[in-house]
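Visitor: Each residue of the sequence shown is one higher than the one before, starting from 195 at the first, in the numbering used here.
Cβ coordinates follow ideal geometry from the N, Cα and C atoms, glycine included.
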Amino acid sequence: MNSLKFGTSGLRGLVTDLLGWPSYAYATAFLRSLGAGDVSGARREVLIGRDLRASSPEIAAACIAAAHAEGWVPVDVGALPTPALALESLSRGAAAIMVTGSHIPDNRNGLKFYTAEGEITKSDETAILAALDGVLAEVGANPPSPVLHPAPEDTAEASVLGRYRMRYTEAFAPDCLSGLTVGIYQHSTVARDLLADLVSALGGTAVPFSRSEAFVPVDTEAHRIEDLILLGAFAKANKVDAIVSADGDADRPLIADADGRVLRGDVIGLLTALDLRVDTIVTPVTSISSIERAVAPSAVARTRVGSPYVIAGIEAAVAAGRQGVIGFEANGGVLLGTDAFRDGRLLARLATRDAVLPILSILASIRTDGRPLSARVDGLGIGAAGAHRLQNTPPAASGALLAALGGDRSFAEDYFQEIGAIAGVDTLDGVRTRFADGRIVHYRASGNAPELRCYVEASDEADVESLLRWGLDRAGRFLQQKATT
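This is how it looks when you write it as structure tokens:
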């Protein structure tokens, strides 16, 4: 269980550390942390969903076994998007566990937890870890193997997915995508069939491609070069208005324009916010710094990276009386903090990361706006930004770099001497350095995998590419030096 830890959204770790007893123990701890007074009703239902990773069915089975052992009624909802599970959890007043590693490689997986009120908070994580101590103390050094139960013959997968689908067929006009041709990059996202179905149901023409039975770790923030090449080639060979996809559990969207150029996640969130005409945006510090200018006079609240922090910001905005609140992250996941209306149709609050809302919102706006998606993005005038990562970077190594950059000004000035004079430093999440010429380099350790992430902002795409390449190379040299000393 050494690699298991709570990240930006749920528990993550190596599959070898999660299979069997560990997933059973964490599921048990979650259910115990809810207590006897949990609002999920007399039957104490817990919904169990999963993504399409090879390890997910076995981990889900261990969670079901834990629910049985704790006197809960497990409801197997099968493979479905995380936001679909979250919606059902809220609708039924039930707890829920989603087995997913989201976008990280197939040798890793994770668990996302939901109470009857929604996605767990940081304080809920603390309660789960406290309950886990009790679970581990009960078994000592010899944890038992979970007693697995046969999967229910009739799962709730179809009905749960159907209600999630209905959320969008009712909120968007049936012809809102009429005349649009949309490529659906299917890979192994759990929403691959749903996306094609929704595009067709709303009047568009769906063109699915690149379906994979093996898991593909599509990252919607640090884009894989093979994905960028694939999308560009598909766009060149097919006349489409856009290409859409999602990560493994479909809480992060991937959207490309007619030429296959991928939209940044913060641009996706911003376009969605403008489409829904909200008055408050909650977004992490990693989203581009010009959002405040683009949405004025709407309010913008900045948070640390991770849906629990964005949700806390949403709740604070709602408590302050804000009427239209949306949250989004640099990965593109959108959280709807209040009810919204689009063309007079109600879109109910769903404060968990969702890929389908921004995808449909942006596709529909292509038709109503009358301009190509690329023109809409260019019209925002928010500047250029980029992000990537150094994989297999131990947290301690990332921490050493961040501590030096954030705590030693002379070190930071020497580190960045090739870039220019430092104008300001923000350490809300990692170390975000702003230079006199307006450029930004931001390092932070990933909460989901052993990675150091680098985010940059500059005047144009060429400068972004150069600055990002420099930022990764400079960090790599620092880490290599630390490893050899």
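Let me know the secondary structure DSSP gives T562 once reduced to three states.
Guide: In this structure, T562 counts as helix in the three-state DSSP scheme.
Visitor: Kindly indicate which three-state DSSP category D469 falls into: helix, strand or coil?
Guide: Reduced to three states, the DSSP call for D469 is helix.
Visitor: Check each candidate in A288, R302 and T294 and name the one with the smallest Cα separation from G312.
Guide: Nearest option by C-alpha distance: A288.
Visitor: Could you pull the DSSP bridge partners for Q675 from this structure?
Guide: Paired residues: none, contrary to the question.
Visitor: When the Cα atoms are used, what is the spatial distance from A431 to T375?
Guide: Approximately 13 Å between the Cα atoms of the pair.
Visitor: If I measure Cβ to Cβ from L470 and keep anything under 6 Å in the same chain, skipping five residues before and after, which residues do I get?
Guide: Excluding residues within five positions, the ones whose Cβ falls inside 6 Å are A534.
Visitor: When you compare each of R647, R638 and E651 to F629 by their alpha carbons, which one comes out closest?
Guide: The residue with the shortest Cα to Cα distance from F629 is E651.
Visitor: So, helix, strand or coil for I475, using DSSP?
Guide: Note: I475 maps to strand in three-state DSSP.
Visitor: What do you reckon, are the CB atoms on R386 and R361 nearer than 8 Å?
Guide: It is not a contact, given that the beta carbons lie outside the stated cut-off.
Visitor: Would the beta-carbon of A597 fall within 8 Å of that of V658?
Guide: The answer is no: Cβ separation not under 8 Å.
Visitor: Nearest CA to the CA of G373: which residue from A395, Y358 and V384?
Guide: Nearest C-alpha to G373: A395.
Visitor: Please classify A677: is it buried, with 16 or more other beta-carbons within 10 angstroms of its beta-carbon, or exposed?
Guide: It is exposed - the Cβ of A677 has fewer than 16 other Cβ atoms within 10 Å.
Visitor: Return helix, strand or coil for L666, following the three-state DSSP convention.
Guide: L666: helix per DSSP, three-state reduction.
Visitor: Let me know the secondary structure DSSP gives E659 once reduced to three states.
Guide: Correct three-state label for E659: helix.
Visitor: Hey, would you say A280 sits closer than 8 Å to L541, going by beta carbons?
Guide: Their beta carbons are not under 8 Å apart, which means A280 does not touch L541 by this criterion.
Visitor: Quick check on the burial criterion: 16 or more other C-beta atoms within 10 angstroms. Buried or exposed for N642?
Guide: So N642 ends up on the buried side.
Visitor: For a test of the three-state rule: what should DSSP assign to D348, helix, strand or coil?
Guide: Annotation note: pLDDT 44 at D348 (below 50); position unreliable, no value reported.
Visitor: What's the C-alpha gap between L468 and L274?
Guide: Each residue's alpha carbon lies about 28 Å from the other.
Visitor: Are T276 and D443 close, meaning C-beta to C-beta below 8 Å?
Guide: It is a contact, given that the beta carbons lie within the stated cut-off.
Visitor: Please look up how many angstroms separate the CB atoms of L411 and P299, rounded, as I've assumed it's under 8 Å.
Guide: Checking the displayed sequence, the identity of residue 411 turns out to be Pro instead of Leu. With a Cβ gap of about 5 Å, P411 and P299 count as contacting.
Visitor: Since I576 sits in a beta bridge, which residues does DSSP pair it with?
Guide: DSSP output for I576 lists no bridge partner at all.
Visitor: Between the alpha carbons of L330 and T477, how many angstroms are there, rounded?
Guide: Approximately 37 Å, taken between the alpha carbons.
Visitor: Just to confirm my understanding: we take G670, look at its own chain, exclude 5 residues before and 5 after, and list those with CB closer than 7 Å. What are they?
Guide: Taken in chain order, the residues that qualify are L584.
Visitor: Alpha carbon to alpha carbon, how far is L371 from P566?
Guide: The straight-line gap from Cα to Cα measures roughly 13 Å.
Visitor: So, is E420 buried or exposed, given that buried needs 16 or more other C-beta atoms within 10 angstroms?
Guide: Under this definition E420 is an exposed residue.
Visitor: What does the Cβ neighbour count give for T309, buried or exposed, with the cut at 16 atoms within 10 Å?
Guide: Buried, by the Cβ-count rule.
Visitor: Less than 8 Å separating the beta-carbons of A452 and T474?
Guide: No, Cβ-Cβ distance for A452 and T474 is not below 8 Å.
Visitor: By the three-class DSSP mapping on this structure, what secondary structure does I485 have?
Guide: In the structure shown, I485 sits in a helix (DSSP, three-state: H, G or I).
Visitor: Out of L464, F409, A427 and V434, state which residue places its alpha-carbon closest to the alpha-carbon of A440.
Guide: It is F409.
Visitor: Could you please give me the residues that DSSP links to I253 through a beta bridge?
Guide: Paired residue(s): none; I253 is not in a bridge.
Visitor: Straight-line CA distance for T466 to L530?
Guide: Each residue's alpha carbon lies about 10 Å from the other.
Visitor: Go to S404, then tell me how far its beta strand (DSSP E) extends in each direction, as first and last residue.
Guide: From DSSP, the beta strand (DSSP E) with S404 extends over T399 to R405.
Visitor: Between S592 and A524, is the Cβ-Cβ spacing less than 8 Å?
Guide: Not a contact, by the Cβ cut-off of 8 Å.
Visitor: Does the separation of the CB atoms of A450 and L425 fall below 8 Å?
Guide: Against a cut-off of 8 Å, the Cβ pair of L425 and A450 comes out as a contact.
Visitor: Buried or exposed: where does A427 fall if 16 or more other Cβ atoms within 10 Å of its Cβ makes it buried?
Guide: A427 is exposed by the Cβ-count criterion.
Visitor: Tell whether a beta-carbon distance below 8 Å holds between G214 and S339.
Guide: Cβ distance < 8 Å, so G214 and S339 count as in contact.
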